[in-house]
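Chemist: My questions all concern the structure below.
So, in structure tokens, the structure goes:
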């Protein structure tokens, strides 16, 4: 694969799941909040339900049913429904709800992320390409020591992945050809959408994205430009 | 002034002149190119004329006379006119012209910039807020070791400073109130526009922005939140 490397100028990263551990981070905060307030909540179920609401909410925007809406606001819409469903809506103050909603700004990186990204940064332009909003991604990077050169978010392009405007918008904003950009993600559907528009692809295996005792699809695929066990492995393969 | 510091969450930076030395960087490359090609060009006059074309070109976009246009393209329009005016248009190949146009991606930081920005980054969100385009600012940061958390450019908001959309857009994208953001610039008109929309302001003195033997306005002004001799001085004043 080494012959492909020299063309690649920029890496664009999916963030939730690929760079940071949303499942562990959210479940931990939900568990701590429940303990503090004396509430009975299954933190893992709560976390999975919150994340499960994310794609349908984005699809409502993508279809035009909702106007352009930031992820922070979509997260809050889903949260408010969940608090009712889990029967804890009345137990939390507005400040507590607002703080909980911003847990997505405080997601913790996977252990290899800060060091792996720093190595990759020596050779490539490093940009997020996330459905999160800009402020969320900036705060997360400050909290987690993520050395981005550039934040591209759904807010930058007013589109959500897998809309082509995201992948092509990033290449265009960097004044690069699509094939000079490589999408890096732990989700095959994201990579396949990127490849459809001419970007190169790197699949990162994140066995615990949905917590332990899950069986995510971790098979390497020859269709992807690279398949890697971690960012450190990807840096090795890219010679940086 | 120390009582104001605690409210400030993010610093937004003008780039050309404030962070990087456009005059010295462009003049140096023009001089080198002229030597290489055996051309007689007054590099200082050429550089000043190129920069002088910048604001009128942006104003043509701001007034609606031109549609939305990236600075890279405006720089090239001005360059093509200048090459004719300086009678060297036929002496350069298209590749040489394209390379020269990208000198704005290669502007060198002032000596205090990398270290001063790194100190400020320990306490604040650090964003560009420049009329440059995104790719230009990303390349410049890679070349010059400028540790931005976030690139905001005219391309982000499809406006040029001093349009309010730039100042308020940056605060909004960071989910901050205008008064939690401080505009940092070596140009008083930029700071006055930012202040009009509620941002705090820091004036940085750059005596050699237009080269030596100039008399720029370097007076401190009580209307600005801070007045500083350099980024290191600003970091001292902000306690970081």
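Residue numbers (our numbering), protein chains in the order written: chain A, 1 to 240; chain B, 241 to 480. C-beta atoms are modelled at their ideal positions from N, C-alpha and C, and glycine is treated no differently.
1) Check for me: the alpha helix (DSSP H) holding residue 467 of chain B runs from which residue to which?
2) Check residue 389 of chain B in the structure and name its three-state DSSP category.
3) Residues in its own chain within less than 8 Å of residue 232 of chain A by CB, not counting five upstream and five downstream?
4) Check whether the Cβ of residue 391 of chain B lies closer than 7 Å to any Cβ atom in chain A.
5) Kindly list, in the order they appear in chain B, the residues whose Cβ is closer than 7 Å to that of residue 156 of chain A.
6) List the residues that DSSP assigns as beta-bridge partners of residue 303 of chain B.
7) What number of angstroms, rounded off, separates the C-alpha of residue 282 of chain B from the C-alpha of residue 312 of chain B?
8) Looking at the C-beta of residue 279 of chain B, does it have a partner C-beta in chain A at a distance below 7 Å?
9) Between the alpha carbons of residue 293 of chain B and residue 318 of chain B, how many angstroms are there, rounded?
10) Taking 8 Å as the threshold, find out whether the stretch 20 to 32 of chain A comes into contact with the stretch 130 to 139 of chain A through three or more Cβ pairs.
11) Please list, in chain order, the chain B residues whose beta carbon lies closer than 8 Å to that of residue 132 of chain A.
12) Unbroken alpha helix (DSSP H) runs of length 4 or more, entirely within the stretch 18 to 75 of chain A: which are they?
13) Grab me the residues of residue 342 of chain B's own chain with a C-beta within less than 6 Å of its C-beta, minus the 5 sequence neighbours each way, in chain order.
14) Would you kindly report the start and end of the unbroken alpha helix (DSSP H) that includes residue 382 of chain B?
15) Using C-beta distances below 7 Å, list every residue in its chain close to residue 248 of chain B, excluding the 5 sequence neighbours before and after it, in chain order.
16) Is residue 47 of chain A buried or exposed, if buried means 16 or more other CB atoms sit within 10 Å of its CB?
17) Which residues in chain B have a C-beta closer than 7 Å to the C-beta of residue 117 of chain A? List them in chain order.
18) On a CA-only basis, which of A:236, A:151 and A:226 is nearest residue 171 of chain A? Give me that one, please.
19) Applying a beta-carbon distance threshold of less than 7 Å, which residues of chain A neighbour residue 378 of chain B?
20) Applying the criterion that 16 or more other CB atoms from any shown protein chain within 10 Å of the CB defines a buried residue, is residue 280 of chain B buried or exposed?
21) If the cut is a Cβ gap below 9 Å, which residues of chain B does residue 169 of chain A touch?
22) Hey, out of B:432, B:425, B:435 and B:416, whose CA is closest to residue 468 of chain B's CA?
23) Report the three-state DSSP secondary structure of residue 103 of chain A (helix, strand or coil).
24) So, helix, strand or coil for residue 85 of chain A, using DSSP?
25) Per DSSP, what kind of secondary structure is residue 439 of chain B in: helix, strand or coil?
26) Return helix, strand or coil for residue 364 of chain B, following the three-state DSSP convention.
27) Would you check if there are 3 or more beta carbon pairs closer than 8 Å linking the stretch 299 to 306 of chain B to the stretch 328 to 346 of chain B?
28) Pick helix, strand or coil for residue 108 of chain A, following the three-state DSSP scheme.
29) Could you name the residues of the same chain whose beta carbon sits closer than 7 Å to that of residue 315 of chain B, not counting the 5 residues immediately before and after it, in chain order?
30) Could you give the first and the last residue of the continuous beta strand (DSSP E) run that contains residue 11 of chain A?
31) Which same chain residues, not among the five before or five after residue 17 of chain A, have their C-beta less than 7 Å away from its C-beta?
32) Give the secondary structure of residue 394 of chain B by DSSP, where H, G and I count as helix, E and B as strand, and everything else as coil.
33) Does any residue of chain A bring its CB to less than 7 Å from the CB of residue 375 of chain B?
34) On a Cα-Cα basis, can you pick out the residue from B:260, B:335, B:296 and B:275 that is closest to residue 401 of chain B?
35) Name the residue from B:384, B:383, B:387 and B:409 whose alpha carbon lies nearest to the alpha carbon of residue 393 of chain B.
36) For residue 242 of chain B, would you say it is in contact with chain A, using Cβ-to-Cβ distances shorter than 7 Å as the test?
Modeler: On the basis of the supplied data:
1) Stepping through the second chain from its first residue, residue 467 of chain B is reached at position 227. For residue 467 of chain B, there is no enclosing alpha helix (DSSP H); the residue is found in the beta strand (DSSP E) stretching over 466 to 468.
2) Reading the second chain from its first residue, position 149 is the one you call residue 389 of chain B. Reduced to three states, the DSSP call for residue 389 of chain B is coil.
3) Residue numbering aside, residue 232 of chain A sits at position 232 when the first chain is read from its first letter. Closer than 8 Å at the Cβ level, and outside the excluded window around residue 232 of chain A, lie 112, 115, 116 and 119.
4) Taking the second chain and counting its residues from 1, the one referred to as residue 391 of chain B is at position 151. Output row for residue 391 of chain B: interface = yes.
5) Within the first chain, residue 156 of chain A is the residue found at index 156, counting from 1. The CB of residue 156 of chain A comes closer than 7 Å to the CB of 396 in chain B, given here in chain order.
6) The sequence position of residue 303 of chain B within the second chain is 63, counting from 1. Residue 303 of chain B is not bridged to any residue.
7) In the second chain, the residue the question calls residue 282 of chain B occupies position 42. In the second chain, the residue the question calls residue 312 of chain B occupies position 72. Taking the straight line joining both Cα atoms gives about 23 Å.
8) Here residue 279 of chain B refers to the residue found at position 39 of the second chain. No, no contact with chain A.
9) As a position in the second chain, residue 293 of chain B is number 53, starting the count at 1. As a position in the second chain, residue 318 of chain B is number 78, starting the count at 1. Their Cα atoms are separated by approximately 6 Å.
10) Here the stretch 20 to 32 of chain A makes no contact with the stretch 130 to 139 of chain A; the two share fewer than three CB pairs at distances below 8 Å.
11) To locate residue 132 of chain A, count along the first chain from 1; it is residue 132. Those within 8 Å of residue 132 of chain A in chain B number zero; the least Cβ separation is about 12 Å.
12) Entirely contained in the stretch 18 to 75 of chain A, the alpha helix (DSSP H) runs reaching 4 residues are, in chain order, 22 to 37, 43 to 52 and 54 to 62.
13) Locating residue 342 of chain B in the second chain gives position 102, where the first residue counts as 1. So the list is empty, once near-sequence residues are dropped.
14) Working through the second chain from its first residue, we reach residue 382 of chain B at position 142. Taken as a continuous stretch (DSSP letters only), the alpha helix (DSSP H) holding residue 382 of chain B covers 374 to 384.
15) Translated into the one-based positions of the second chain, residue 248 of chain B becomes position 8. Non-local C-beta neighbours of residue 248 of chain B in its own chain, meaning closer than 7 Å and more than five positions away in sequence, comprise 364, 420, 422 and 440, ordered along the chain.
16) If you number the first chain from 1, residue 47 of chain A lands on position 47. Its Cβ being crowded by 16 or more others within 10 Å, residue 47 of chain A is buried.
17) Stepping through the first chain from its first residue, residue 117 of chain A is reached at position 117. Going along chain B, no residue has its Cβ under 7 Å from residue 117 of chain A, so there is no contact; the nearest lies around 14 Å.
18) Translated into positions along the first chain, residue 171 of chain A becomes position 171. Comparing Cα positions, the closest option is A:151.
19) The residue given as residue 378 of chain B occupies position 138 in the second chain. Against chain A, a Cβ distance below 7 Å from residue 378 of chain B picks out 125, 149, 150 and 174.
20) Counted from its first residue, the second chain places residue 280 of chain B at position 40. Exposed is the call here.
21) Along the first chain, read from residue 1 onward, the residue named residue 169 of chain A stands at position 169. The contacting residues do not exist; residue 169 of chain A stays about 10 Å from chain B at best.
22) Position 228 of the second chain holds residue 468 of chain B. Nearest C-alpha to residue 468 of chain B: B:425.
23) Position 103 of the first chain, counted from the first residue, corresponds to residue 103 of chain A. In the structure shown, residue 103 of chain A sits in a helix (DSSP, three-state: H, G or I).
24) Within the first chain, numbered from 1, the residue matching residue 85 of chain A stands at position 85. In the three-state reduction of the DSSP assignment, residue 85 of chain A falls in the helix class.
25) Residue numbering aside, residue 439 of chain B sits at position 199 when the second chain is read from its first letter. Note: residue 439 of chain B maps to coil in three-state DSSP.
26) Counting from 1 along the second chain, the entry for residue 364 of chain B is found at position 124. Reduced to three states, the DSSP call for residue 364 of chain B is coil.
27) No, the stretch 299 to 306 of chain B does not touch the stretch 328 to 346 of chain B.
28) If you number the first chain from 1, residue 108 of chain A lands on position 108. Three-state DSSP puts residue 108 of chain A in a strand.
29) Against the second chain, residue 315 of chain B aligns to sequence position 75. The beta carbon of residue 315 of chain B is closer than 7 Å to those of 341 and 344 in its chain, skipping five residues each way along the sequence.
30) Looking up residue 11 of chain A in the first chain gives position 11. 10 to 13 is the extent of the beta strand (DSSP E) around residue 11 of chain A.
31) If you number the first chain from 1, residue 17 of chain A lands on position 17. Hits under 7 Å: 186, 187, 206 and 209.
32) Translated into the one-based positions of the second chain, residue 394 of chain B becomes position 154. Helix.
33) Residue numbering aside, residue 375 of chain B sits at position 135 when the second chain is read from its first letter. Answer yes: the Cβ-Cβ gap between residue 375 of chain B and chain A drops below 7 Å somewhere.
34) As a first step, residue 401 of chain B is located in the second chain; it is residue number 161 there, counting from the start. Considering only B:260, B:335, B:296 and B:275, the residue with the shortest C-alpha distance to residue 401 of chain B is B:296.
35) Within the second chain, the letter at position 153 stands for residue 393 of chain B. B:409 is the residue among B:384, B:383, B:387 and B:409 whose C-alpha sits nearest the C-alpha of residue 393 of chain B.
36) Taking the second chain and counting its residues from 1, the one referred to as residue 242 of chain B is at position 2. Here the model assigns residue 242 of chain B a pLDDT of 45, short of 50, so the residue's position is not dependable, and the following value carries that caveat. Output row for residue 242 of chain B: interface = no.
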